[in-house]
Amino acid sequence: MLVFSVTLTAKPDAAQALIELAAMLAPLSRAEPGCIRYDFLQSPHTPNKFVFFELWKSRADLDAHYQTPHFKTLAAQLPALIEGEADAVSYETEGPIPGF
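So in our numbering, the last one in the sequence shown is 87, and the numbering has no gaps at all.
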């Protein structure tokens, strides 16, 4: 399983546009065969800070996600909506550790 997250900061006037873009992307991504979980989260303390939190069956499934039309739409529009660079982190895991 691949745990993947991307943290980003929306430009001051772009938070709503980013939310709408994610609302289009999330259900389509969740429907992909390799997707286990796909969430888009907004910080309650810093409203222009967002996180994509994703679980994929494998790295190959995430790579396939990058080839979908809905992801390509996000990739094309995202640079105009965010400040700086997105911070991506991924972890390969066999799954949850029992008892945690």
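Built from N, CA and C at the ideal position, the CB exists for glycine as well.
_DSSP-derived helix/strand/coil call for ASP0_ = coil
*Is LEU8 near the ligand MG, with its Cβ less than 7 Å from a heavy atom?*
Absent from the structure shown: the ligand MG. Ligands present: none.
*For the segment 20 to 28 and the segment 37 to 45, state whether three or more C-beta atom pairs, one from each stretch, are separated by less than 8 Å.*
yes
*VAL(-10) vs LEU49 beta-carbon contact at 8 Å*: No, the pair does not count as a contact, with Cβ atoms beyond the cut-off.
*Check whether the segment 63 to 74 touches the segment 10 to 25, counting contact only when three or more Cβ pairs, one atom from each stretch, lie closer than 8 Å.*
no
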